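What follows is a single structure, written as structure tokens, with notes after it.
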Amino acid sequence: MSTVVNGLTTALSASSPPEQARQAFRSGLVRPTAGLSQGYAQANLITLPRADAADFQEFARLNPKPCPLLDVLDGTTEPAIAPGADLRVDLPLYRVWRDGELVDEVSDATDAWGDPAALVSFVIGCSFTFEWALLDEGIPVRHITADRNVPMYRTNVSCVGAGAFSSPLVVSMRGIPAEMVDAAVEVSGRYPLVHGAPVQVGDPEKLGITDLQHPDYGDAPILEAGDVPVFWACGVTPQAAVVASRPRFAITHAPGHMFISDVPNDRYLVV
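In this note's numbering, the protein residues as written are 79 to 349.
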């Protein structure tokens with residue numbers, strides 16, 4: 079995809095290095111990150127006031143499928159998984175929350191962020207990371223082919239609460255050819271720190287999902303003949319926790335608009 083940003087043409091693709099992608103986002107490019115920077119892990123983000131950090135960290139510990147922690151930044155914006163990066167500007171799109179209400183979406187979160195010393199950021203594994211492993215096995219990832227965002231849904235499954243935080247589980251969905259479902263389960267299961275194996279296969283109603291064509295986040299799914307809907311725990315769950323638990327303030331990524339790290343995908347592979 080080529081996009082004009084600040085008078086310059088910015089082209090990002092699977093071959094774009096993470097630093098190039100982050101620089102494009104820092105310059106104002108807004109687009110979902112699925113299919114970018116092949117071979118490098120992507121991540122979700124939630125930033126909270128220090129007073130809420132311990133409760134959220136415990137929430138993440140108790141709910142490792144949707145909230146696998148890759149990094150915790152206390153009072154800084156430079157993540158260990160991408161030295162020199164800045165979490166305030168290096169994602170394509172952010173959401174700003176106050177008292178559980180979404181109040182803004184911005185491509186530069188610096189002003190909303192304020193004093194970094196007052197905040198703690200949690201960087202959470204993302205299923206975009208294992209999509210490359212699916213593709214390497216010949217398993218289609220249809221939203222990448224169509225250059226769309228992945229569909230995501232709130233479910234009727236409750237996460238384990240911790241302190242001030244509670245939430246329904248959010249899942250992402252990919253249509254997988256029936257004969258490839260077992261392989262998709264096995265391949266994604268090798269990556270537990272980026273959500274791992276699916277939480278449900280083939281029966282959305284068991285998750286309380288009644289209309290696949292109208293996801294709560296992202297784009298409508300692409301399901302071809304013979305596809306089975308397969309659902310993975312999703313790092314948008316913390317945003318559902320913000321809505322349910324109403325912390326005074328939070329900054330998150332916009333769904334599907336991830337942080338691209340310098341860490342190779344294989345770092346999170348468990349053989």
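Where is the CB? At the ideal position from N, CA and C, for every residue including glycine.
Nothing here was measured: the structure is a model prediction, and the numbers come from that model.
Between the alpha carbons of proline 316 and leucine 271 lies a gap of roughly 16 Å.
Here DSSP, grouped into helix, strand and coil, assigns serine 323 to helix.
Rounded to the nearest whole angstrom, the CA to CA distance from phenylalanine 200 to proline 307 is 29 Å. The three-state reading of DSSP puts valine 265 in helix, counting H, G and I together.
A residue is called buried once 16 or more other Cβ atoms fall within 10 Å of its Cβ, and glycine 192, having fewer, is exposed. Annotation: glutamine 116 is outside any alpha helix (DSSP H) and is labelled neither H nor E by DSSP. For phenylalanine 134, the uninterrupted alpha helix (DSSP H) run begins and ends at 128-140, by DSSP. With a cut-off of 8 Å on Cβ pairs, the region 154-169 is in contact with the region 97-117, counting three or more such pairs. Within the same chain, His221, Ser250, Met251, Leu290, Pro293, Tyr295, Gly296, Asp297, Ala298, Pro299 come within 8 Å of proline 229 by CB-CB distance, once the 5 residues on both sides are set aside. About 6 Å separates the CB atoms of proline 325 and leucine 126; that is less than 8 Å, so the two are in contact. Ranked by Cα distance from glutamate 302, the options Asp225, Asp344, Pro255 are led by Pro255.
Residue burial annotation: alanine 224 is exposed, with fewer than 16 other C-beta atoms found within 10 angstroms of its C-beta. Here aspartate 149 is buried: its Cβ has 16 or more other Cβ atoms, across all protein chains shown, within 10 Å.
With fewer than 16 neighbouring CB atoms inside 10 Å of its own CB, alanine 92 falls in the exposed class. Residue environment: glycine 216 is assigned as exposed (fewer than 16 neighbouring CB atoms within 10 Å of its CB, all protein chains considered). Look at histidine 335 here: in three-state DSSP terms it is coil, with no helix or strand label.
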